[in-house]
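A short worksheet on the structure shown next.
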Amino acid sequence: MLTSLQQSDNSIAAKILTLQKLSYNVEAEIIGYYNIPPLQEDILHIQSSKEVFLGWMVNGILTGVLSYEETDKSILICRLVVHPEYFRQGIAANMLRSLIVDQNKPIYVCTAMKNTPAVRLYQQFGFEITNTFTSCEGLYLVQLEKKLNKPL
């Protein structure tokens with residue numbers, strides 16, 4: 001079940017951070033790059049974030065987190081993570097579907113080019129690669145966009 005998370009709360013921020021680190025460690029292994037910015041974050045970064053945080057709960061356990069920033073013109077997905085023990089159970093897809101179902105503005109996300117599970121997930125929901133670029137650290141990234149009125 002999807003629920004709003006108040007990341008300013010110490011306990012919730014700690015759960016978000018723990019889940020984020022578990023999930024991004026798997027991504028780091030996939031892409032062969034271990035300096036992913038979310039792995040460097042601490043609880044204060046989570047608590048002070050201006051992002052909107054949503055959580056997926058299974059039997060009272062936080063199993064997934066999606067966060068985003070919204071402006072008048074667009075939405076930027078900042079993180080979409082699932083606890084590794086809950087991979088391949090549709091949690092990321094359910095959270096993504098919940099975010100995009102009634103949106104009337106474009107949605108953007110960036111991820112590592114080598115993170116093919118994430119790229120495929122976004123493409124299944126109508127996102128298209130609109131840009132590729134290299135970070136200062138030499139990591140190849142893709143930007144994906146879901147345009148207005150593109151069906152799921």
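Residue numbers (the UniProt record's numbering): 1 to 152. Glycine residues also receive a C-beta, built at the ideal position from the N, C-alpha and C atoms.
Next on the checklist: Tell me whether Val109, by its Cβ, gets closer than 7 Å to a heavy atom of the ligand COA.
Outcome noted: With respect to the ligand COA, the structure offers nothing, as it holds no ligand at all.
Next on the checklist: Please list the terminal residues of the continuous beta strand (DSSP E) segment that includes Tyr108.
Outcome noted: Taking the sequence shown and counting its residues from 1, the one referred to as residue 108 is at position 108. Element bounds for Tyr108: Ile107 to Ala112.
Checklist entry - Can you find a C-beta in chain D that's less than 8 Å from the C-beta of Cys110? => result Here chain D cannot be found, since the structure has a single protein chain.
Next on the checklist: The alpha helix (DSSP H) that contains Arg97, what's its start and end?
Outcome noted: The count along the sequence shown starts at 1 and reaches residue 97 at position 97. Counting along the chain, the alpha helix (DSSP H) containing Arg97 begins and ends at Ile91 to Ile100.
Checklist entry - Taking the C-alpha atoms as reference points, what is the distance between Gln124 and Ile12? => result Locating residue 124 in the sequence shown gives position 124, counting from the first residue. Locating residue 12 in the sequence shown gives position 12, counting from the first residue. A direct Cα-Cα distance of roughly 30 Å separates Gln124 from Ile12.
Item to check | Three or more C-beta pairs below 8 Å linking the stretch 86-94 and the stretch 43-52 | outcome: no
Checklist entry - Considering only the beta carbon of each residue, do Phe127 and Glu145 sit closer than 8 Å? => result By one-based count along the sequence shown, residue 127 stands at place 127. By one-based count along the sequence shown, residue 145 stands at place 145. Yes, the Cβ-Cβ distance between Phe127 and Glu145 is below 8 Å.
Item to check | Cα-Cα separation between Ser135 and Pro106, rounded to whole angstroms | outcome: On the sequence shown, residue 135 is found 135 positions in, with the first residue counted as 1. On the sequence shown, residue 106 is found 106 positions in, with the first residue counted as 1. Approximately 23 Å between the Cα atoms of the pair.
Next on the checklist: Residues in the same chain with beta-carbon distance under 8 Å from Ala14, minus the five sequence neighbours each way, listed in chain order, please.
Outcome noted: The sequence position of residue 14 within the sequence shown is 14, counting from 1. The answer, listed in chain order, is Ile43.
Next on the checklist: Considering just the uninterrupted stretch of the alpha helix (DSSP H) at Leu22, what are its terminal residues?
Outcome noted: Translated into positions along the sequence shown, residue 22 becomes position 22. Where Leu22 is concerned, the enclosing alpha helix (DSSP H) stretches over Asn10 to Ile31.
Next on the checklist: Using 8 Å as the threshold, is the C-beta distance between Leu22 and Leu62 below it?
Outcome noted: If you number the sequence shown from 1, residue 22 lands on position 22. If you number the sequence shown from 1, residue 62 lands on position 62. No, the pair does not count as a contact, with Cβ atoms beyond the cut-off.
Checklist entry - Quick one, are the C-beta atoms of Ile31 and Val65 less than 8 Å apart? => result Here the question's residue 31 lines up with position 31 in the sequence shown. Here the question's residue 65 lines up with position 65 in the sequence shown. Cβ distance not < 8 Å, so Ile31 and Val65 don't count as in contact.
Item to check | Reference Ile100; option with closest CA among Phe87, Ile75, Arg88 and Lys114 | outcome: Counting from 1 along the sequence shown, the entry for residue 100 is found at position 100. When only C-alpha atoms are compared, the closest one is Ile75.
Item to check | Contacts around Cys78, its chain only, beta-carbon distance under 7 Å, and the 5 residues preceding and following it disregarded | outcome: Along the sequence shown, read from residue 1 onward, the residue named residue 78 stands at position 78. Excluding residues within five positions, the ones whose Cβ falls inside 7 Å are Glu51, Ser67, Tyr68 and Glu69.
Item to check | Check whether Leu5 and Ser98 have beta carbons under 8 Å apart | outcome: Here residue 5 refers to the residue found at position 5 when the sequence shown is read from its first residue. Here residue 98 refers to the residue found at position 98 when the sequence shown is read from its first residue. One thing to note: Leu5 has its Cβ no nearer than 8 Å to the Cβ of Ser98.
Item to check | Beta-carbon proximity of Val142 to Ile129, cut-off 8 Å | outcome: Counting from one through the sequence shown, the residue named residue 142 turns up at place 142. Counting from one through the sequence shown, the residue named residue 129 turns up at place 129. Yes, the pair counts as a contact, with Cβ atoms nearer than the cut-off.
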